[in-house]
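17 is the number of the first residue of the sequence shown in the numbering used here; add one for each residue after it.
Positions of the beta carbon are idealized from the N, C-alpha and C atoms, including for glycine.
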Amino acid sequence: ALYGKIILLGREIAAGAVTYLPRAADGYPPEAAYTVVRLMAVFGWTFKARLRDGETADEVIRAVLPPEEAAWLLRQRSPVVAIIGCVRQLLHQQHTQGHLASHLQYKLEGDLLDLYQVIGGCERLFTSPIPPTFTRHVVRSMALWLLALPLALIGSMPPLAVVCFSTATAYIFLGIEELGVQVEQPFDI
């Protein structure tokens, strides 16, 4: 849900820049709007790479941004925060030059603040430790229960039914456990 909100806010900020900044004489959006759109396009890839081990967004950054902007962004300790800072600075510059009305800048600043909050929520999820003992304990308890299940059912139903019932129960519970492991680490899927 949080990552989906990042996509929504990124689109809102990009569309806002294209819509609210005055058009050039040729009818196209100004260069500042294109810069915001490029930065917001790179933002999603950069943040996804930050959350997943072993992934980088270097190729996307180099493909979307001009070489000097890409080189600057790749040198940053936190490219995600740098992108938001660039967008904020660009919108402020457009506002001080009279190209962006105060209420529209306020709306876009609100979207950037929401984006910061969503990033914080994702990073809290990402950095919350899950004790390995918890997972091991669940797996061991379930294995013991599944091994004891046929012994408990032997006298109550025919042997073939015990095998079928035990197999179906094991399939269901092992599937639920695997889903639980994926929920514990949502960004490593």
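Spatial neighbours of Q92 within its chain, please: C-beta separation below 7 Å, excluding the five flanking residues on both sides.
A98
Should the region 133–145 be regarded as contacting the region 69–80, the criterion being three or more beta carbon pairs within less than 8 Å?
no
With distances taken between CB atoms, is the gap from D127 to I29 smaller than 7 Å?
yes
CB of L18 within 7 Å of CB of G136, strictly:
no
Taking the C-alpha atoms as reference points, what is the distance between I205 and Q198?
The predicted model places I205 with a pLDDT of 47, which falls under 50 and marks its position as unreliable, so this point remains unresolved.
Length at least 4, wholly inside the region 17–98: the alpha helix (DSSP H) runs in chain order
18–36, 47–67, 74–80 and 83–91
Pull up the distance between the alpha-carbon of V103 and that of K64, whole angstroms please.
19 Å
Does the distance from the C-beta atom of L162 to that of A186 stay below 7 Å?
yes
Could you tell me how far apart the beta carbons of L169 and V178 are, in whole angstroms, since I believe they sit closer than 8 Å?
5 Å
If I'm right that E193 touches V155 with Cβ under 8 Å, what's the distance once you round it to whole angstroms?
7 Å
Going by beta-carbon coordinates alone, are P95 and T62 separated by less than 7 Å?
yes
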